[in-house]
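Participant: Input: one structure, supplied below.
2 protein chains.
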Amino acid sequence: MLEHHLTEQSPLERGSVQATLAVSTVIFALRPDDESGLKTLWLPLVRRTRDPHRDLWALPGGWLPADEELAAAAGRTLRETTDLSPRYLEQLYTFGDIDRSPGLRVVSVVYWALVRSEVAERASVGENVRWFAADQLPPLAFDHNRIVEYALWRLRTKVEYARIAHAFLGDTFTLAQLREVHEAVLQKALDPANFRRSMESSGTLISTDQHVAGARHRPARLYRYDDRASEHDPPGPTR
Amino acid sequence: MLEHHLTEQSPLERGSVQATLAVSTVIFALRPDDESGLKTLWLPLVRRTRDPHRDLWALPGGWLPADEELAAAAGRTLRETTDLSPRYLEQLYTFGDIDRSPGLRVVSVVYWALVRSEVAERASVGENVRWFAADQLPPLAFDHNRIVEYALWRLRTKVEYARIAHAFLGDTFTLAQLREVHEAVLQKALDPANFRRSMESSGTLISTDQHVAGARHRPARLYRYDDRASEHDPPGPTR
DNA sequence: CCATCATATAGTCAAATTGACTCAAACACA
DNA sequence: TGTGTTTGAGTCAATTTGACTATATGATGG
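The listed protein sequences derive, respectively, from chains B and C. So in the numbering used here, spot 196 of the first sequence is number 196, and the numbers just go up one at a time. So in the numbering used here, spot 100 of the second sequence is number 339, and the numbers just go up one at a time.
Structure below.
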């Protein structure tokens, strides 16, 4: 019965036995697809400039400094990569397969983040940072293809769409814009009338008395996300 | 633009900057409460024999060996603590707050596991291992109270009850036993008839032609869990 | 061996939810 | 001023859900 592992000496004192900790972030934004014009999910990747996997694209990330919180490290990599601040940031999963990085045992705590579409438009893009359509990725470094796949699944099955869709939008938005986000994430068309009904009954929207005119149809009312709704959120691990 | 963190030299070569990796497991079993007689959730804890937090109870766990997979390490601690094999094992969350362990930066990858009730009865219990009712825990070492709270929430909100409830039971079981598990997890009574209807329409149960007699009422049919059901499972991170 | 007890199992019914659909409202544009 | 387009309200049937009633069946005790 070895019930006192945690009471053994630090493995640092014993030498050996340790893996190396990294933090990576899957950053999603909605932007129009070049062909269809419909909004789809995009994410930024960075080009590796060293081995292993030199020249392959990879998720933004880095080693975890001992004096930085996990979420802070994820947010920092996000800012460093895209000049953006996340509107939503949540831990996704920790990947630690022994052979996921050649030579060195690396355990990666992966976060996923959502950023606003318009802001993502003017996001910095350089030689070593490029945005890709989430469902048309090239082969990535390490196990990053698998990670993105899982992040996509989580995004699409996450129940609390309210907060998530809101993260892609500005402070106020029309129901059509909100529906567009849902349609892009769920990859299917939604009935406008039924969507309106379900949103209205969700209690997460506050209707303003502003409208957007200028379009060739009846002006749409602007809504605001009800922040009190997140007070009823599930008891996350972070509180 | 620091887009090549992952291409920097290994932090081990640079020295410093690293946190220490541990793996812990929240192990749930169902057993009758001494007072009410109803089945409730219990979990085993180990007593710490060293500082920090000497003599406090803590989750089973240990440092991560560089040559062991994360889930394997979780399963191993489970066996070492309880002599049991998990019927269900899944990563819960990674806790890494800077100050969660005094002195040393420890990042813990936490798993949660389910074990069979009957088996848990004869599980090893020693001076330094004891089972506690999940909702009546003493103050635990580190942030382990928070971790258990989150594990309980995950258990109760996990949609795929089928697999979860099955992990608490034997290979065959009556609908009453299955309902008992759901009631214990959800902490509320369920209508037997409605429960039967929803289970039958779920397509995850195979009815055998065996019955359990001996009780003072109509014998109950035995059912079996349909393993094919798990093929339609969500695309977890591990495949 | 029969009445009774307790749970298994089947069935009913109304309320709530969901998907498909219709239709008037309101503004831009030609 | 008419046409086109989307907003926003409403209808209707199918499905699901919760509460409930009724029957089946073996154990038990007199």
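Think of the CB as a built atom: it goes at the ideal place given N, C-alpha and C, for glycine as much as any other residue.
Along chain B, in chain order, which residues have C-beta atoms closer than 8 Å to that of Thr489(C)?
Facilitator: An answer regarding residue 489(C) cannot be provided, because it is not within the stretch 240 to 478 covered by chain C.
Participant: Against chain B, does Arg402(C) count as a neighbour if the rule is that its beta carbon must be under 8 Å from one of theirs?
Facilitator: The sequence position of residue 402(C) within the second sequence is 163, counting from 1. Answer no: the Cβ-Cβ gap between Arg402(C) and chain B never drops below 8 Å.
Participant: Does the Cβ-Cβ distance between Ala423(C) and Thr279(C) come in under 8 Å?
Facilitator: As a position in the second sequence, residue 423(C) is number 184, starting the count at 1. As a position in the second sequence, residue 279(C) is number 40, starting the count at 1. Yes, these two residues count as a Cβ contact at 8 Å.
Participant: Using a beta-carbon distance cut-off of less than 8 Å, what residues from the segment 386 to 398 of chain C approach chain B?
Facilitator: Hits within the stretch, in order: Ile386, Glu388, Tyr389, Trp392, Thr396.
Participant: Output the boundary residues of the beta strand (DSSP E) element that contains Leu89(B).
Facilitator: Numbered from its first residue, the first sequence carries residue 89(B) at position 89. Leu89(B) -> beta strand (DSSP E) spans 88 to 95.
Participant: Hey, would you say Ala165(B) sits closer than 8 Å to His182(B), going by beta carbons?
Facilitator: As a working mapping, residue 165(B) is identified with position 165 in the first sequence. As a working mapping, residue 182(B) is identified with position 182 in the first sequence. Yes, the pair counts as a contact, with Cβ atoms nearer than the cut-off.
Participant: Can a CB atom of chain C be found closer than 8 Å to the CB of Gln177(B)?
Facilitator: Taking the first sequence and counting its residues from 1, the one referred to as residue 177(B) is at position 177. No, its Cβ sits nowhere closer than 8 Å to a Cβ of chain C.
Participant: Can you tell me whether Glu35(B) is buried or exposed? The criterion is at least 16 other CB atoms within 10 Å of its CB, across all chains shown.
Facilitator: Numbered from its first residue, the first sequence carries residue 35(B) at position 35. Answer is exposed; the Cβ neighbour count stays below 16.
Participant: Go ahead and pull the three-state DSSP assignment for Gln449(C).
Facilitator: As a position in the second sequence, residue 449(C) is number 210, starting the count at 1. Gln449(C) falls in the strand class under three-state DSSP.
Participant: Out of Gly365(C), Val345(C), Leu277(C), Arg270(C), state which residue places its alpha-carbon closest to the alpha-carbon of Val354(C).
Facilitator: Reading the second sequence from its first residue, position 115 is the one you call residue 354(C). Closest by alpha carbon: Arg270(C).
Participant: Counting only beta-carbon separations shorter than 8 Å, does Pro476(C) have a partner in chain B?
Facilitator: Here residue 476(C) corresponds to residue number 237 of the second sequence, with the count starting at 1. With 8 Å as the cut-off, Pro476(C) counts as an interface residue toward chain B.
Participant: At 7 Å on the CB atoms, spell out the chain B contacts of Gln426(C), in chain order.
Facilitator: The residue given as residue 426(C) occupies position 187 in the second sequence. The premise fails here: Gln426(C) is roughly 15 Å from chain B at the closest Cβ pair, so nothing lies under 7 Å.
Participant: Output yes or no for whether 8 Å exceeds the beta carbon distance between Ala113(B) and Tyr88(B).
Facilitator: Position 113 of the first sequence, counting from 1, holds the residue named residue 113(B). Position 88 of the first sequence, counting from 1, holds the residue named residue 88(B). Yes; because the gap between Cβ atoms is below 8 Å, this pair is in contact.
Participant: Residue range of the beta strand (DSSP E) that Thr320(C) falls in?
Facilitator: For this step, residue 320(C) is matched to residue 81 along the second sequence. Run containing Thr320(C): none in the beta strand (DSSP E); it sits in the alpha helix (DSSP H), 309 to 321.
Participant: Just to confirm my understanding: we take Leu59(B), look at its own chain, exclude 5 residues before and 5 after, and list those with CB closer than 7 Å. What are they?
Facilitator: For the purposes of this step, residue 59(B) is taken as the residue at position 59 of the first sequence. Same-chain partners within the cutoff: Ser24, Thr25, Val26, Leu45, His144, Ile147.
Participant: If we ignore side chains and look at the alpha-carbon of each, how far apart do Phe334(C) and Val110(B) end up?
Facilitator: Here residue 334(C) is taken as the residue at index 95 of the second sequence, counted from 1. Here residue 110(B) is taken as the residue at index 110 of the first sequence, counted from 1. Rounded to whole angstroms, Phe334(C) to Val110(B) spans 12 Å at the Cα level.
Participant: Mark Glu200(B) as exposed unless 16 or more other C-beta atoms lie within 10 angstroms of its C-beta, in which case mark it buried.
Facilitator: One-based indexing of the first sequence puts residue 200(B) at position 200. Classification of Glu200(B): exposed, given that the 10 Å Cβ count is below 16.
Participant: From the DSSP output, read off the bridge partner residues of Ile27(B).
Facilitator: Counting from 1 along the first sequence, the entry for residue 27(B) is found at position 27. DSSP lists Ala113(B) as partners of Ile27(B).
Participant: Buried or exposed: where does Ala193(B) fall if 16 or more other Cβ atoms within 10 Å of its Cβ makes it buried?
Facilitator: By one-based count along the first sequence, residue 193(B) stands at place 193. Exposed, since its Cβ has fewer than 16 Cβ neighbours within 10 Å.
Participant: Start and end of the alpha helix (DSSP H) containing Phe195(B)?
Facilitator: Mapped onto the first sequence, residue 195(B) falls at position 195. It spans 192 to 202 - the alpha helix (DSSP H) in which Phe195(B) sits, taken as one unbroken run.
Participant: Give the C-beta separation of Glu308(C) and Ile98(B) to the nearest angstrom, bearing in mind that I take them to be a contact with Cβ-Cβ under 8 Å.
Facilitator: Looking up residue 308(C) in the second sequence gives position 69. Looking up residue 98(B) in the first sequence gives position 98. Their Cβ separation, rounded to whole angstroms, is 6 Å, which keeps Glu308(C) and Ile98(B) in contact under 8 Å.
Participant: Within this structure, are the beta carbons of Phe173(B) and Tyr223(B) separated by less than 8 Å?
Facilitator: On the first sequence, residue 173(B) is found 173 positions in, with the first residue counted as 1. On the first sequence, residue 223(B) is found 223 positions in, with the first residue counted as 1. It is a contact, given that the beta carbons lie within the stated cut-off.
Participant: Give me whichever residues DSSP pairs with Thr40(B) in a beta bridge.
Facilitator: Residue 40(B) sits at position 40 when you count from the first residue of the first sequence. In the DSSP output, where bridge partners are listed per residue, Thr40(B) has Arg31(B).
Participant: Taking only the alpha-carbon atoms, compute the straight-line gap between Thr81(B) and Val129(B) and give it to the nearest angstrom.
Facilitator: Sequence index remark: in the first sequence, residue 81(B) carries index 81 (1-based). Sequence index remark: in the first sequence, residue 129(B) carries index 129 (1-based). Rounded to the nearest angstrom, the two C-alpha atoms are 7 Å apart.
Participant: In chain C, which residues lie less than 7 Å from Arg224(B) when you measure between Cβ atoms?
Facilitator: Taking the first residue of the first sequence as 1, we reach residue 224(B) at position 224. Result: empty, since nearest Cβ-Cβ is about 28 Å, beyond 7 Å.
Participant: With 8 Å as the threshold, decide whether the Cβ of Ala74(B) is near any Cβ in chain C.
Facilitator: The residue you call residue 74(B) lines up with position 74 of the first sequence. Closer than 8 Å: no.
Participant: Give the C-beta separation of Leu444(C) and Trp370(C) to the nearest angstrom, bearing in mind that I take them to be a contact with Cβ-Cβ under 8 Å.
Facilitator: The count along the second sequence starts at 1 and reaches residue 444(C) at position 205. The count along the second sequence starts at 1 and reaches residue 370(C) at position 131. Contact doesn't hold; Cβ gap of about 30 Å is too wide.
Participant: Do Asp272(C) and Ala380(C) have their C-beta atoms closer together than 8 Å?
Facilitator: Stepping through the second sequence from its first residue, residue 272(C) is reached at position 33. Stepping through the second sequence from its first residue, residue 380(C) is reached at position 141. Result no, Cβ atoms of Asp272(C) and Ala380(C) do not sit closer than 8 Å.
Participant: State yes or no: is the C-beta of Leu21(B) within less than 8 Å of the C-beta of Leu260(C)?
Facilitator: The residue you call residue 21(B) lines up with position 21 of the first sequence. The residue you call residue 260(C) lines up with position 21 of the second sequence. Yes, they are a contact pair.
Participant: So is Thr447(C) buried or exposed if we call it buried at 16+ other beta carbons inside 10 Å?
Facilitator: Within the second sequence, numbered from 1, the residue matching residue 447(C) stands at position 208. Exposed, since its Cβ has fewer than 16 Cβ neighbours within 10 Å.
Participant: Would you call Arg467(C) buried or exposed, if buried means 16 or more other Cβ atoms sit within 10 Å of its Cβ?
Facilitator: One-based indexing of the second sequence puts residue 467(C) at position 228. The residue is exposed, with fewer than 16 neighbouring Cβ atoms inside 10 Å.
Participant: Residues bridged to Gly365(C) by DSSP?
Facilitator: Indexing the second sequence from 1 puts residue 365(C) at position 126. Answer by DSSP bridge pairing, in chain order: Val368(C).
Participant: Note down the Cα distance separating Ala71(B) from Glu90(B), rounded to an integer number of angstroms.
Facilitator: Taking the first residue of the first sequence as position 1, residue 71(B) is located at position 71. Taking the first residue of the first sequence as position 1, residue 90(B) is located at position 90. Distance between the alpha carbons of Ala71(B) and Glu90(B) is about 8 Å.
Participant: Tell me the DSSP bridge mates of Leu205(B)?
Facilitator: By 1-based counting over the first sequence, the position of residue 205(B) is 205. Looking at the DSSP assignment, Leu205(B) forms a beta bridge with Tyr225(B).
Participant: What residues from chain C crowd round Arg105(B), counting only those whose CB sits closer than 7 Å?
Facilitator: Counting from one through the first sequence, the residue named residue 105(B) turns up at place 105. Residues of chain C passing the Cβ test: Ala305.
Participant: Taking the straight line between their C-alpha atoms, what separation do you get for Arg435(C) and Leu317(C)?
Facilitator: Residue numbering aside, residue 435(C) sits at position 196 when the second sequence is read from its first letter. Residue numbering aside, residue 317(C) sits at position 78 when the second sequence is read from its first letter. So the alpha carbons of these two residues sit roughly 33 Å apart.
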